[in-house]
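The structure appears below as structure tokens.
In the working numbering, the protein residues as written are 411 to 1408.
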């Protein structure tokens, strides 16, 4: 079910429960204002999007403790009764990898929908609008949409269309009625000065700062308050007003002013919105009726409390008003005198009762707290199910060979085949809850002692523990970014993550897919921009589309065009014989092949891979039923080395023999010797739609369901256990629950479709610079000789993290003294390698560089001043040949001095520079702790960890790196300096804190 639809139905159920509670309590609550406010909150709940969605496990599975007399070792899992075990399970350190197979649970949603349309070419563009209906993240009503997936999809489509059509009609009718009434109001006339003065006096008595306009109308309508696209107006029928005396007019005016004072006109707008959305819901109409009744009772109370001596006059006004408008139609979005059906009850209350109509401050506070708790609340039901239940009938079934051969023959009849397909992806609240749980566990790490943590049964060393600390900090910052309200909304949104054109005859293929910035992902780019021959068309029409051809007729067989790269470099294409060099290239379409004829393996968790094992790996369980469809149940087993020898990896498939032996559902998971899942599923696949194409059956829509660890359920179960039972539970796998869902769907398909030889040849335009992966050389189309190779410097070998800093090899210190790193043991050292300043004229700085250098001066000066008296030592190392006078001039230019030295000369350049970097770098720095170990330096920036740290620092400083390309050179430099200053300061502060804690 679509998450939005699921949330709306959830709101309906919660609102119904709250309404029932209020209706039960109303006999004990004497203040109608309280009842009215509670009813309005229920109305708000119906349209309030939920952002607090706790999981409620329906039919929870009991924790089962299995006695193991063979001393089998289970995989490392989460232990919930202590922070240290919890942390070691939920976070995987980049240096201390923990092997853990993500075994998953199973939801009850299954199905396959079939549409039989014999054709060799089918366009499925019209079937794309409701993709997300099958990618639901939870079920609120178990079994509500169970059954065949085709019936489910059709039902949901019809439900949404009916719902939406009804809403449109409802809003249109409301708009027509409002416009008609607005037209009627053009004929009103202003009230007399006496009536306006009387209204102003009454408004002051009930605390109104502004008075609505009083207008008279000749039509037979109820007295009402009208606030819609204009200033508030009280509309009074002139004929009725002529029948009233002075006292009766006063009570009539006070009644309408009370509506305005209470803000009932805003409730009308809320009613209009909710009625348009939930027009079909009888609860809404009942709720509206009760709100209107309590509103009138509240206004009656305002009148008799303000004018206690005019009860009888007020009662007579109600009788006259009801008689006057008994045949009139209610007016949309207007607040009037109420219905005549409850007139007798109101008259008794007016004449005899003393009713309160206002809320005390404590009561308002209590209701506000209740609203904050209930309005955003919408629990998600979680189903505990280990695998799809199976009832097997043992009768005549095909052999394994017949099933496998039938599957492959059915799809291979379509070759050569041409497809355009796309992949949609969507996370659910289970993914969000998992990350929230992991984040909570990571935040406990700083409070733990190293001895309390075990990884793979061992206590980490101090170096490993320190590296874990840094990794966890970065992981925490990454999760915090992913768990903002905006990020969560984006993660829960269904997104198109891939769109591809694909042709193959089983031995060759041709693929196309777009360069996809985020802003273009939903635009469904056209992948066929015309013929690729002559080659010049590639530059003209395929500059933003990647093309790949694989054919044995090509030498080498692989040709790859990525013309867009010419904006950044001259390289536009490549040739080779290995697809693994292109990680973005993959074949996901079912082709009925046992193995690809090109350099690629069958994708895991796919139809082809599941149906292409050796026949002796399969076991036919028997005939069964899947959503009313007769299927053959087949199991396939293989070894699972991560667990004990008794455990096996099982693939279970529900195969439809009537439609080309296509699997309608496949489940993967680890089973015990009795063939029972140990901890749920790893993945499952559902064939959602099958089309008949050219006398064969082809799956045009496939759902791939991933599973994620269900930490909250594990925690709840652990909390209910005794300490001894918790220790035993820690040896069991963590339960799993549905996580991210991907849907593969065909947009267009053509069977037995040939392709032009020129397309497979994929010749490049004249002058194209391409790389030959076989020899690593670059060539230009039309020339046989490679381009001159550019010598690439050997990558420097930096000093590794937490290694002892090598001693300095110094030619001379600027101040003439002698010192080395050992002299600064016990202090934090910032060691900087600076480029040659010999040829830099500080007195004649170019104008374009002055601002930039001034920024550097101010940043470095402030940085040194901050740590000047905090046991931090700054050392600067200059390359051989730099004069001391020039260094002093540089210090004078920037405004402060520090320890500076000239590096010892060596054949490779500076000896110390080479020792630290494995080469010569012009500018870098190292941070060395009080024990002489490197805790920060260039090595830290080598890879994803450094990029993540830079991004996190920018986030903390509220700097958007996405817009950095729009900055000028000076602005970009300033931003970089701010980020680097923050990072260095943070690392120095941590080193100082670690020193003090010793």
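Beta carbons: idealized from backbone N, C-alpha and C, even for Gly.
In this text the structure is predicted, and so the values were computed from the model without any measurement.
If the five residues before and after residue 807 are omitted, its C-beta is found closer than 8 angstroms to the C-beta atoms of 1030, 1032, 1033 and 1042, all from its own chain and listed in chain order. Here DSSP, grouped into helix, strand and coil, assigns residue 1318 to coil. The criterion of a C-beta distance shorter than 8 angstroms is satisfied by residue 1118 and residue 844. Of all C-beta pairs linking the region 982–998 to the region 960–974, three or more are shorter than 8 angstroms, placing the two stretches in contact.
Residue 1015 is a Cβ neighbour of residue 1078, given a cutoff of 8 angstroms. DSSP lists 1222 and 1288 as the beta-bridge partner residues of residue 1312. Nearest C-alpha to residue 717 among 704, 662 and 669: 662. DSSP, read as helix, strand or coil, puts residue 996 in coil.
Residues 1294, 1297 and 1310 of the same chain have their beta carbon placed closer than 6 angstroms to that of residue 1224, with the five preceding and five following residues left out of the count.
Annotation: the region 935–973 contains the following complete segments of the alpha helix (DSSP H) (minimum length 4 residues), in chain order: 946–951.
Taking the C-beta atoms as reference points, residue 837 is found nearer than 8 angstroms to residue 901. A distance of 8 angstroms or more separates the beta carbons of residue 648 and residue 612. Per DSSP, the beta bridge partners of residue 1117 are 1148. Residue 831 is positioned such that its CB atom lies no closer than 8 angstroms to that of residue 1099. Secondary structure of residue 1339 (DSSP, three-state): coil. In the DSSP assignment, residue 1300 is bridged to no other residue.
The Cβ neighbour count for residue 1090, taken over all protein chains shown within 10 Å, is at least 16; the residue is labelled buried. Every beta strand (DSSP E) of 3 residues or more that sits fully in the region 615–673 is shown, in chain order, as 623–627, 634–636 and 643–647. Take residue 606, set aside five residues on each side of it, and the residues of its chain with a beta-carbon closer than 6 angstroms to its own are 624, in chain order.
Scanning its chain for C-beta atoms nearer than 7 angstroms, with the 5 sequence neighbours on each side dropped, one finds around residue 703 the residues 752, in chain order. A Cβ-Cβ contact shorter than 8 angstroms links residue 653 with residue 730. Taking a contact to require three or more Cβ pairs closer than 8 angstroms, the region 1140–1150 and the region 809–819 do not qualify as touching.
At the C-beta level, residue 616 and residue 633 stay beyond 8 angstroms of one another. In chain order, 1286 and 1335 place their CB closer than 6 angstroms to the CB of residue 1242, counting only its own chain and leaving out the 5 sequence neighbours on each side. The three-state reading of DSSP puts residue 1005 in coil, since its state is none of H, G, I, E or B. Scanning 954, 908 and 1387 for the CA closest to the CA of residue 1271 turns up 1387.
Its chain contains 677, 680 and 701 as the residues whose beta carbon lies nearer than 8 angstroms to that of residue 450, once the 5 sequence neighbours on both sides are disregarded; these appear in chain order. Residue 828 sits close to residue 913, with the two beta carbons spaced by under 8 angstroms.
Using a Cβ distance threshold of 8 angstroms, residue 1401 and residue 1345 count as a contacting pair. Between residue 1002 and residue 822, the CB-CB gap stays under 8 angstroms. Look at residue 837 here: in three-state DSSP terms it is coil, with no helix or strand label.
With contacts defined as CB atoms closer than 8 angstroms, residue 428 and residue 452 qualify as a contacting pair.
Looking only at 773, 588 and 848, the smallest Cα-Cα distance to residue 1124 is reached by 848. In the structure shown, residue 1278 falls within a coil segment according to DSSP collapsed to helix, strand and coil. The three-state secondary structure of residue 1097, taken from DSSP, is strand. Boundaries for residue 1214: no beta strand (DSSP E) harbours it, and the DSSP string shows neither H nor E there.
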